[in-house]
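Undergrad:
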Amino acid sequence: MVEIKPQPASGAAEPKTDRSAIPAAGVTIAEAARRTGVSVHTLRYYERAGLVISPVDRTSGGRRRYRELDLKWITICTKLRATGMPIRGIRQYAELVAAGSGNEAERLALLEAHRADILARLAEIQENLKMIDRKIEVYRGSMAAGEADRLWAPLNSR
Numbered sequence: 001m002v003e004i005k006p007q008p009a010s011g012a013a014e015p016k017t018d019r020s021a022i023p024a025a026g027v028t029i030a031e032a033a034r035r036t037g038v039s040v041h042t043l044r045y046y047e048r049a050g051l052v053i054s055p056v057d058r059t060s061g062g063r064r065r066y067r068e069l070d071l072k073w074i075t076i077c078t079k080l081r082a083t084g085m086p087i088r089g090i091r092q093y094a095e096l097v098a099a100g101s102g103n104e105a106e107r108l109a110l111l112e113a114h115r116a117d118i119l120a121r122l123a124e125i126q127e128n129l130k131m132i133d134r135k136i137e138v139y140r141g142s143m144a145a146g147e148a149d150r151l152w153a154p155l156n157s158r
């Protein structure tokens, strides 16, 4: 069974991104994709969907340039999405963060609700895993005893 403990209030872990220095001018969209582990398409989508907290810088030619803050935020969005937060929830969180101070209680409530959803899904997955583990043990036991042919086979029981 997996035990999930709450994160400490201070000293929270930073999102894991490529730690090499980001130039002052930022990095290209391809480099941002490489560093964050998402596709160029996803980066553009996050921007269109309103998930970024500040406009991405552009060169005089209109090409995107991502700063360190952008990459950290994209990593946060990616983790929220990977844990099942809907795009609208990420957008709501991004809007709260972009609005600045004064809405921390709303941000906390949103994250706590998402965490509760994750824990509920994990509990369901753990129950399903227990059933799979039981089936594995039945198969191992039957095979070790030379009784594998006695395992239930729906097509053979007609």
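At position 75 of the sequence shown (counting the first as 1) the number is 75 in the UniProt record's numbering, and the numbers step up by one without a gap.
For every residue, glycine included, the Cβ atom is placed at its ideal position computed from N, Cα and C.
All values reported here derive from a predicted model rather than from experimental measurement.
1. So, using beta-carbon positions, are residue 26 and residue 67 closer together than 7 angstroms?
2. Can you confirm whether the region 90-97 touches the region 38-58 when touching is taken to mean that 3 or more C-beta pairs between the two stretches lie within less than 8 angstroms?
3. Who are the near neighbours of residue 89 in its chain, counting only those whose CB is closer than 8 angstroms to its CB and skipping five residues on each side?
4. How far does the alpha helix (DSSP H) with residue 36 in it extend, from its first residue to its last?
5. I'd like to confirm the pairing. Which residues does DSSP put opposite residue 45 in its beta bridges?
6. Considering Cα atoms alone, identify which of 112, 102, 130 is closest to residue 85.
7. Work out the CA separation of residue 65 and residue 78 for me, nearest whole Å.
8. Straight-line CA distance for residue 141 to residue 150?
9. Output the distance between the C-alpha atoms of residue 108 and residue 102, rounded to the nearest integer angstrom.
10. Note down, in chain order, each residue of its chain lying with its Cβ closer than 6 angstroms to the Cβ of residue 15, except the 5 sequence neighbours on either side.
TA: Walking through what the data contain:
1. Position 26 of the sequence shown, counting from 1, holds the residue named residue 26. Position 67 of the sequence shown, counting from 1, holds the residue named residue 67. It is a contact, given that the beta carbons lie within the stated cut-off.
2. Result yes; three or more Cβ-Cβ pairs closer than 8 angstroms.
3. Mapped onto the sequence shown, residue 89 falls at position 89. Excluding positions up to five away in sequence, the list reads 80, 110, 114.
4. Here residue 36 is taken as the residue at index 36 of the sequence shown, counted from 1. Per DSSP, residue 36 belongs to the alpha helix (DSSP H) from 29-36.
5. Along the sequence shown, read from residue 1 onward, the residue named residue 45 stands at position 45. Looking at the DSSP assignment, residue 45 forms no beta bridge with any residue, so it has no partner.
6. The count along the sequence shown starts at 1 and reaches residue 85 at position 85. Ranking the options by Cα distance to residue 85, first place goes to 112.
7. For the purposes of this step, residue 78 is taken as the residue at position 78 of the sequence shown. For the purposes of this step, residue 65 is taken as the residue at position 65 of the sequence shown. For the pair residue 78 and residue 65, the Cα-to-Cα distance works out to about 19 angstroms.
8. Against the sequence shown, residue 141 aligns to sequence position 141. Against the sequence shown, residue 150 aligns to sequence position 150. Cα to Cα, residue 141 sits roughly 11 angstroms from residue 150.
9. Numbered from 1 along the sequence shown, position 108 holds the residue referred to as residue 108. Numbered from 1 along the sequence shown, position 102 holds the residue referred to as residue 102. Each residue's Cα considered, the two are about 12 angstroms apart.
10. Mapped onto the sequence shown, residue 15 falls at position 15. Bear in mind that a pLDDT of 43 at residue 15, under 50, signals an unreliable position, so the model cannot answer this.
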